[in-house]
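Written below as structure tokens is the structure these notes are about.
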Amino acid sequence: MASLLLKLAEGLTPPQNTLVDDYDGIEWRWKMFVFRPALFKLQAYLLVAVLGYVAIALFGKYINTKRVHKWYNIHLPIFEQQFSKPTTATGLISDGYTDFFNFSTGRVGIASLHTIFTLRPRQDFLQMLYQFGWQMYDLRYNPYDELILDFKLSPDSGLPDFVWAVVAKDELYCIKNTRWDLTFTKTTDNPALPSSLSVMSEFADITDSLVKAADKSALFKLLSDPSTLKHFRSLSITDQPRERPALPLAPAEREKRVILSLKVPATSDTADTIPIVNAIFAFVDALSRVNLRPETKNKLRKVREDVDKEIVAEAVKEKKEEAVEEKKAAKRKAEQDRISRLSAAEQKKILERDRKRALKKSQGKVVRK
Numbered sequence: 015m016a017s018l019l020l021k022l023a024e025g026l027t028p029p030q031n032t033l034v035d036d037y038d039g040i041e042w043r044w045k046m047f048v049f050r051p052a053l054f055k056l057q058a059y060l061l062v063a064v065l066g067y068v069a070i071a072l073f074g075k076y077i078n079t080k081r082v083h084k085w086y087n088i089h090l091p092i093f094e095q096q097f098s099k100p101t102t103a104t105g106l107i108s109d110g111y112t113d114f115f116n117f118s119t120g121r122v123g124i125a126s127l128h129t130i131f132t133l134r135p136r137q138d139f140l141q142m143l144y145q146f147g148w149q150m151y152d153l154r155y156n157p158y159d160e161l162i163l164d165f166k167l168s169p170d171s172g173l174p175d176f177v178w179a180v181v182a183k184d185e186l187y188c189i190k191n192t193r194w195d196l197t198f199t200k201t202t203d204n205p206a207l208p209s210s211l212s213v214m215s216e217f218a219d220i221t222d223s224l225v226k227a228a229d230k231s232a233l234f235k236l237l238s239d240p241s242t243l244k245h246f247r248s249l250s251i252t253d254q255p256r257e258r259p260a261l262p263l264a265p266a267e268r269e270k271r272v273i274l275s276l277k278v279p280a281t282s283d284t285a286d287t288i289p290i291v292n293a294i295f296a297f298v299d300a301l302s303r304v305n306l307r308p309e310t311k312n313k314l315r316k317v318r319e320d321v322d323k324e325i326v327a328e329a330v331k332e333k334k335e336e337a338v339e340e341k342k343a344a345k346r347k348a349e350q351d352r353i354s355r356l357s358a359a360e361q362k363k364i365l366e367r368d369r370k371r372a373l374k375k376s377q378g379k380v381v382r383k
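Here this note's numbering is used: the first residue of the sequence shown is 15, the next is one more, and so on.
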């Protein structure tokens, strides 16, 4: 037994490293120890790669954190002026190195404001490399640091039910694929806006009313300012969820929101977005005075009723299909249980019969083609 354990230990022991006599590189000796750096080139390269990756991660984390906190600190006085509770007890909340949040509440006409930062993964070199490669492949793909001001309006805001948006034209492709609520709209140009922006509206009456509200808040004038326009991505007003619901929402679950999407400015341009953030509060206040024609309201109501009916019909259809699949699965399981109780010879006959049926069926498909 002892000899067996000894042999096992010898097998696990790594072979002794023998020094090469013709080594002519740098060598350091200390007592019984000898270190020859030239023999560890691969390890040196790996160490440099690891240290480089760590350095990039730390630098990317620093850039993201600095950019968010500078914007937050410069714009916090606006939130303090507008809200009785401009932030949470802990202030700005971070979720990892790319996502940051702030929650504000306590203002007439606004139930809450979520400020959401979604930054590029600068701390992850591989993800940044992937984004760069995909950007070279798909010219419509344009990753950027996103800032969203998501205003949830008070239930008594008096704003009619509609969906409307102003969107940068290079953002249209992406936003149409990610925002179900904007599928209610049609895209047009508007002379009050720069040529790089488009209006998404359900009816022209809505746009006319909102242009007046925007004039009172000087919002459209700001969008014509290059220093503001370069950071603007979209502004939307919606009574619908961003994603298609599985079932129609109850009246108590429906929320009206104003969503402003911006590019997070570089630290040197952080103050550029102060005017539009100030203007968006005036714009939200002006929405309470928006009044649509009765026929427009009737059309909007009809559109929502039709969509709810469509959602219900699809839910019923999906439920029926699931019931049919469950019935088929139960039938297959019952058949398998019956076969499992038969003798081996009978099971073999059944398997052979099923094989011949499947073969005949596949041959029939080939002939029809």
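Ideal placement from N, C-alpha and C gives every residue a C-beta, glycine not left out.
Asked	Found
Taking the straight line between their C-alpha atoms, what separation do you get for Glu185 and His89?	25 Å
Hey, quick one: how far does the alpha helix (DSSP H) through Asn312 stretch, first residue to last?	308-354
So, are the CB atoms of Lys386 and Ser108 less than 8 Å apart?	For the chain, the structure presents residues 15 to 383; residue 386 sits outside this window and is missing.
Does DSSP put Leu373 in a helix, a strand or coil?	helix
Quick one: residues in its chain with C-beta nearer than 7 Å to the C-beta of Trp42, no 5 flanking neighbours on either side, listed in chain order?	Phe49
Rounded to whole angstroms, what's the CA-CA distance from Leu133 to Ser241? Just pull it up for me.	21 Å
Do Arg81 and Asp138 count as a contact pair if the criterion is CB distance below 8 Å?	no
Using a Cβ distance threshold of 8 Å, determine whether the region 303-310 contacts the region 204-223, with at least three qualifying pairs required.	yes
For Lys200, write down the residues that DSSP places opposite it in a beta bridge.	Ser215
Throw me the rounded Cβ distance for the Ser302 and Gly123 pair, which I believe falls under 8 Å.	6 Å
What residue does the beta strand (DSSP E) around Arg81 start on, and which one ends it?	Careful: Arg81 lies outside any beta strand (DSSP E), inside the alpha helix (DSSP H) at 55-96.
Going by other Cβ atoms of all chains shown within 10 Å of its Cβ, with 16 needed for buried, is Gln96 buried or exposed?	buried
So Ile387 is in the beta strand (DSSP E); what residue range does that whole segment cover?	Given a span of 15 to 383 for the chain in the structure shown, any question on residue 387 remains unanswerable.
By DSSP, does Val272 sit in helix, in strand, or in coil?	strand
Name the two residues that bound the continuous alpha helix (DSSP H) containing Thr386.	Since the displayed the chain opens at 15 and closes at 383, residue 386 lies outside it and no answer follows.
Where does Arg193 land, buried or exposed, given buried means 16+ other C-beta within 10 angstroms?	buried
Could you give the C-beta distance for Val177 and Pro262, rounded to a whole number, given that I count them as a contact under 8 Å?	Not really, about 16 Å apart at Cβ, beyond 8 Å.
Keeping to the same chain, check which residues put their C-beta closer than 6 Å to that of Asn78; ignore five residues upstream and five downstream.	Tyr111, Leu133, Arg136
What do you reckon, are the CB atoms on Asp229 and Arg318 nearer than 8 Å?	no
Is DSSP giving Thr119 helix, strand or coil here?	strand
Got a sec, what are the start and stop residues for the alpha helix (DSSP H) Phe234 sits in?	233-237
Where does Asp253 land, buried or exposed, given buried means 16+ other C-beta within 10 angstroms?	buried
Out of curiosity, what's the CA-to-CA distance linking Val298 and Asp286?	20 Å
Measuring alpha carbon to alpha carbon, tell me which residue in Ile364, Glu340, Ala359, Ala337 is nearest Gln350.	Ile364
Can you say whether Pro265 is buried or exposed, counting buried as having 16 or more other CB atoms within 10 angstroms of its CB?	exposed
Which same chain residues, not among the five before or five after Lys183, have their C-beta less than 6 Å away from its C-beta?	Ser210, Ser212
Between which two residues does the alpha helix (DSSP H) carrying Thr242 extend?	240-243
Quick check on the DSSP output: the beta strand (DSSP E) that includes Leu127 runs from which residue to which?	124-132
Secondary structure at Phe176, three-state DSSP: helix, strand or coil?	coil
Could you work out which residue in Glu267, Pro289, Asp164, Ala179 is closest to Asn116 when comparing CA atoms only?	Asp164
Nearest to Lys166 by CA position, among Lys375, Lys370, Ala348, Phe295, is which residue?	Phe295
Can you name the residues that DSSP bridges to Arg43?	Val48
Within this structure, are the beta carbons of Leu276 and Arg256 separated by less than 8 Å?	no
Note down the Cα distance separating Tyr151 from Ala125, rounded to an integer number of angstroms.	42 Å
Beta-carbon separation of Leu236 and Pro289 under 8 Å?	yes
Just to confirm, does Leu53 get its C-beta within under 7 Å of one of the non-hydrogen atoms of the ligand SAM?	Only the bare structure without any ligand can be found here, which leaves the ligand SAM out of the picture.
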